[in-house]
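Residues in the sequence shown are numbered consecutively from 175, following our numbering.
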Amino acid sequence: MDTLEEMVEEDRAAGKRSFLVVGSAGTTNTGAVEDLDALAEICNREDMWLHADGACGGFFTLTEKGRKQLAGIERCDSVTLDTHKGLFLPYGTGALLVRDGQSLTRTHAIDADYIPDWDPDSEFVDFSHLSPELSRDFRGLRVWLPLKMHSIEPFRTNLGEKLELARIATAEIKNIDHVRVVAEPQLSTLALRLNPPGVEGEELDKLNQELLEAINRRGRVHLSGTTLNDRFTIRISVLSFRTHEEHIIHCVEDLKEGINEITAEE
Ligand SMILES: *Cc1c(COP(=O)(O)O)cnc(C)c1O
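Encoded structure:
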């Protein structure tokens, strides 16, 4: 927050005006959540637009723990929500929520002789005036139908389960020798590294890459890798409705087996 305030100040000193802040409501890399309440304070004061990237984390507001973690998201001017992540729906069903819908029509409404007249005050929502697309797919149906059929409850329960699974995985992994959880799960993503004594730098990166390959080769779970503070890091992201406790047990088992495998080779 201090850095943000300094940057706004720097802009002002240079005769510019900062107008937009994007806060993370669950990063892809580690699921990190920023203090959205504090961001909202600054944005209010400085008259800046606050956008929250809740693409992978936003729907956790459906759960009690997520709501605490994401406090302040309700104060944002706009929020990205990917139903194809947080609601487990088919790919290509991302969403953008905007507090002031007029800001979207101001940007995207189009007028041409061949387009039927449109009354901005009518109750009918014409999405082609709200988004860059004119000829567009009816993506809303893919969200509406599952919610109509199942109600929101199973989604809420599922998201709560994913948070709990990430917590269980973290607790189990912390018991494994020389494995460090480098990013605790604020939501359902965590990052870890095998960090045996005396192994550093590129050698450590290589070891963790080998470990990731060894785990995935077993074919029961699929973990992915990323770079954190310039070091290769393994990440576990629990965000499928098919993932349950047994899979977390497999994951921890395969992590241990993977470590045995690559350390036996050496
Ligand atoms: C996935 C993701 C995006 C990109 O969204 P797509 O729907 O894949 O285009 C943006 N931000 C975060 C935090 C994400 O996890």
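Glycine included, C-beta positions come from ideal geometry on N, C-alpha and C.
Neighbourhood of Phe406 by C-beta, 7 Å cutoff - its chain only, sequence neighbours within 5 removed:
In the sequence shown, the residue the question calls residue 406 occupies position 232. Once the five neighbours on either side are set aside, the close Cβ partners of Phe406 are Asp379, Asn382, Gln383 and Gly399.
Could you say which of Ala206, Glu238, Asp211 and Thr254 lies nearest to Ala229 if we only look at CA atoms?
The sequence position of residue 229 within the sequence shown is 55, counting from 1. For Ala229, the nearest C-alpha among the options comes from Thr254.
Across which residues does DSSP place Thr363 in a beta bridge pair?
As a working mapping, residue 363 is identified with position 189 in the sequence shown. Thr363 pairs with Ser411.
Going by the beta-carbon positions, is the gap between Arg316 and Pro264 smaller than 8 Å?
Position 142 of the sequence shown, counted from the first residue, corresponds to residue 316. Position 90 of the sequence shown, counted from the first residue, corresponds to residue 264. At a Cβ-Cβ threshold of 8 Å, Arg316 and Pro264 count as neighbours.
Closest to Ala388 by CA distance: which of His324, Gly231, Ile433 and Thr401 is it?
Counting from 1 along the sequence shown, the entry for residue 388 is found at position 214. Ranked by Cα distance from Ala388, the first of His324, Gly231, Ile433 and Thr401 is Ile433.
How would you write the range of the alpha helix (DSSP H) that Leu224 sits in, first residue to last?
Working through the sequence shown from its first residue, we reach residue 224 at position 50. For Leu224, no alpha helix (DSSP H) run applies; the uninterrupted beta strand (DSSP E) run containing it begins and ends at Trp223 to Gly228, by DSSP.
N-terminal and C-terminal residue of the alpha helix (DSSP H) that Ala187 is part of:
Numbered from its first residue, the sequence shown carries residue 187 at position 13. Where Ala187 is concerned, the enclosing alpha helix (DSSP H) stretches over Asp176 to Ala187.
State the start and end residues of the unbroken alpha helix (DSSP H) segment that holds Leu278.
To locate residue 278, count along the sequence shown from 1; it is residue 104. Residue range Gly275 to His282 is occupied by the alpha helix (DSSP H) that includes Leu278.
Thr235: buried (16+ other C-beta within 10 angstroms of its C-beta) or exposed?
Numbered from its first residue, the sequence shown carries residue 235 at position 61. The residue is buried, with at least 16 neighbouring Cβ atoms inside 10 Å.
Over the uninterrupted beta strand (DSSP E) stretch that includes Thr254, give me the two end residues.
On the sequence shown, position 80 is the one that residue 254 refers to. Looking at the DSSP string, the run of the beta strand (DSSP E) that includes Thr254 is Ser252 to Asp256.
Ala345: CB within 7 Å of a non-hydrogen atom of ligand 1:
Looking up residue 345 in the sequence shown gives position 171. The answer is no for Ala345.
Would you mind working out which of Ser325, Leu385, Leu261 and Leu319 sits nearest Glu427, comparing C-alpha positions?
Along the sequence shown, read from residue 1 onward, the residue named residue 427 stands at position 253. Residue Leu385 is the option with its Cα nearest to Glu427.
Can you check whether the CB of Ala357 is closer than 8 Å to the CB of Thr204?
Here residue 204 is taken as the residue at index 30 of the sequence shown, counted from 1. Here residue 357 is taken as the residue at index 183 of the sequence shown, counted from 1. Yes, they are a contact pair.
For a test of the three-state rule: what should DSSP assign to Phe301, helix, strand or coil?
For this step, residue 301 is matched to residue 127 along the sequence shown. Per DSSP, reduced to three states, the secondary structure at Phe301 is helical.
Given a threshold of 16 other Cβ atoms within 10 Å of its Cβ, counted over all protein chains shown, does Pro359 qualify as buried or as exposed?
To locate residue 359, count along the sequence shown from 1; it is residue 185. The residue is buried, with at least 16 neighbouring Cβ atoms inside 10 Å.
Segment contact, 8 Å Cβ cut-off, at least three pairs: the stretch 294-306 with the stretch 267-281:
Output reads yes: the stretch 267-281 touches the stretch 294-306.
Quiz: which residues have CB nearer than 5 Å to ligand 1 non-hydrogen atoms:
Of all residues, those with a beta-carbon under 5 Å from at least one heavy atom of ligand 1 are Thr202, Asp227, Ala229, Cys230, Asp256 and Gly268, reported in chain order.
Span of the alpha helix (DSSP H) around His375
Here residue 375 refers to the residue found at position 201 of the sequence shown. Per the sequence shown, residue 375 should be read as Gly rather than His. Gly375 to Arg391 is the extent of the alpha helix (DSSP H) around Gly375.
By Cβ distance below 7 Å, which residues in the same chain neighbour Leu193 in space, the five residues on each side in sequence not counted?
Taking the sequence shown and counting its residues from 1, the one referred to as residue 193 is at position 19. This sequence places Phe at residue 193; Leu is not what is there. Excluding sequence neighbours, Phe193 sits near Met222 and Trp223.
Exposed or buried, what is Thr237 when buried is set at 16 or more other beta-carbons lying within 10 Å of its beta-carbon?
Numbered from its first residue, the sequence shown carries residue 237 at position 63. That one is buried.
Could you tell me which whole alpha helix (DSSP H) segments of length 4 or greater appear in the stretch 292-347?
314-324 and 327-347, all fully within the stretch 292-347.
Could you give the residue range of the beta strand (DSSP E) that holds Gly399?
Counting from 1 along the sequence shown, the entry for residue 399 is found at position 225. Per DSSP, Gly399 belongs to the beta strand (DSSP E) from Ser398 to Leu402.
I'd like the list of long-range same chain contacts for Phe329, defined as Cβ closer than 7 Å, with 5 residues on each side in sequence excluded.
Position 155 of the sequence shown, counted from the start, is the residue given in the question as residue 329. Here the set comprises Leu236 and Leu261.
Please look up how many angstroms separate the CB atoms of Arg249 and Ala214, rounded, as I've assumed it's under 8 Å.
As a working note, residue 249 is residue 75 in the sequence shown. As a working note, residue 214 is residue 40 in the sequence shown. Going by Cβ atoms, the distance from Arg249 to Ala214 rounds to 4 Å, so yes, they are a contact pair.
If the criterion is Cβ atoms closer than 8 Å, does the pair His352 and Leu364 meet it?
On the sequence shown, residue 352 is found 178 positions in, with the first residue counted as 1. On the sequence shown, residue 364 is found 190 positions in, with the first residue counted as 1. In this structure, His352 sits away from Leu364, with a CB-CB distance that is not shorter than 8 Å.
Kindly indicate which three-state DSSP category Leu210 falls into: helix, strand or coil?
Residue 210 sits at position 36 when you count from the first residue of the sequence shown. In the structure shown, the three-state DSSP call for Leu210 is helix.
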